[in-house]
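Numbering (my numbering), first residue to last: 75 to 402.
Worksheet: the structure to be examined is printed underneath.
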Amino acid sequence: MKILFYDTKPYDRESFEKVMPYYDDITVDFLKTDISHRTVYLAKGYDAVCVFVASDVNESIVRTLAELGVKLILLRCAGYNNVAVEAAKQHGISVMRVPGYSPEAVAEHALALAFSVNRHIHKAYIKVRENNFSLMGLTGSNFHGKTAGIIGTGKIGASMAKSCHGIGMKVIAYDMYKNPDLSFAEYVSLEELFSRSDLISLHCPLTKETYHMIDLEAIEKMKDGVILVNTSRGALISSEDLIKGIRQHKFAGVGLDVYEEEDENVFENREDDILESSITARLLSFPNVIITSHQGFLTEEALEAISKTTLENARSFMLSKPIKENMV
Ligand code: NAI
């Protein structure tokens, strides 16, 4: 099987090249560029294409892939909202993904954001580099004894909940389904979670129901001095309302690995660009906000798991026994 990889960075290649020797029935070529109306034609002669979270595999791209004889779209991520799945089905193209690779990778990043905003690590780092050893403005609060509110207790949320429990926090949670692994957690309504939590961490998917679940109304229900962390999807939070909430001094800290405007920014070096919209700039202007660029998944272990599962998906498809739970 021949696979053309789009939108690859050096760390993608490195992790795939490590596991390639175990897949000598598969050959791959890596492209830096993402899939587009122009670059889709490079897939001629390939059996499959492999794309990532920000690749726009719309209906017209799918049609062209079908005309070029491509039979499989491999997503090297969990989400598939960026692929025209129905169109792929109509054109006889299968779509496979990596549903879970390392929940701990994302949960640990959520924790890192929570700890960093709480203890002002981002400010302390810069101050000390400037020989400013003053502690003014660096006071945090103990997480121990406080309440963590986890929204979405699937794989990542459960890992986050266990870590919070481990550092002595009371854990409350909101999900439609109770996770039996979390016997220590108290499931409550969303309203109660907002009003009781000292730390709120989002781990549910982006759906019609969860779009802007954190809006001004929700923010107003939260405790003053709450810490909000989002490693899930940007549009769970209304950025405009978040900015209003920050200006009203609602938050002790906000840690965002994802945010509404991220698509243009994600994984790109834009240091010489003038940004088209001001949401990122406004969020970055607040001293109690830390933004990272969708890097929750970025650990050696997660990358290795992504590489292996993607190539297992390809092999299972090639052997006409596609791994059912990875089919979209
Ligand atoms: P999962 O499917 O294991 O868990 C999601 C949980 O959310 C489920 O328990 C589900 O019942 C719950 N849920 C669904 N709708 C809900 C609602 N309206 N309110 C409350 N809970 C709801 O998913 P997993 O693997 O834990 O991933 C969670 C999210 O993390 C993904 O949807 C994705 O957006 C994000 N993610 C972020 C990454 C990053 O690099 N920052 C990497 C991987 C995933």
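A virtual CB, placed ideally from N, CA and C, is assigned to each residue, including glycine.
Since the structure is predicted, the reported quantities are computational estimates derived from the model, not experimental observations.
| Check | Outcome |
| --- | --- |
| Among the residues of its own chain, which have a CB less than 6 Å from the CB of Ser168, if the five just before and after it don't count? | Leu146 |
| With a threshold of 8 Å (Cβ to nearest heavy atom), would Arg307 be considered close to the ligand NAI? | yes |
| In or out: Phe207 buried (at least 16 other Cβ within 10 Å) or exposed? | exposed |
| I'd like to check one pair, Met234 with Asp272: are the Cβ atoms closer than 9 Å? | no |
| Consider the C-beta atom of Val157 and the heavy atoms of the ligand NAI; say whether any pair is separated by less than 8 Å. | no |
| With a Cβ-Cβ cutoff of 9 Å, do Gly319 and Met296 count as a contact? | yes |
| Pick out whichever of Tyr333, Pro361, Phe217 and Thr383 has its Cα sitting closest to the Cα of Asn400. | Thr383 |
| Note down, one range per segment and in chain order, each beta strand (DSSP E) of at least 3 residues found wholly within the stretch 137-173. | 146-149 and 168-170 |
| Does the beta carbon of Tyr218 fall short of 8 Å from some heavy atom of the ligand NAI? | According to the sequence as given, residue 218 is His; it is not Tyr. No, the ligand NAI has no heavy atom inside 8 Å of this Cβ. |
| Below 8 Å on the Cβ atoms is my guess for Lys76 versus Asp121; work out the distance and round it to an integer in Å. | 5 Å |
| Can you give me the C-alpha to C-alpha distance between Pro84 and Glu141, rounded to a whole angstrom? | 30 Å |
| Would you say Ile353 and Gly329 are within 9 Å of each other, going by their C-beta atoms? | no |
| Grab the span of the alpha helix (DSSP H) containing Asp103 for me, first residue to last. | Note, Asp103: premise wrong, no alpha helix (DSSP H); beta strand (DSSP E) at Thr101 to Phe104. |
| So is the beta-carbon of Phe341 under 8 Å away from any non-hydrogen atom of the ligand NAI? | no |
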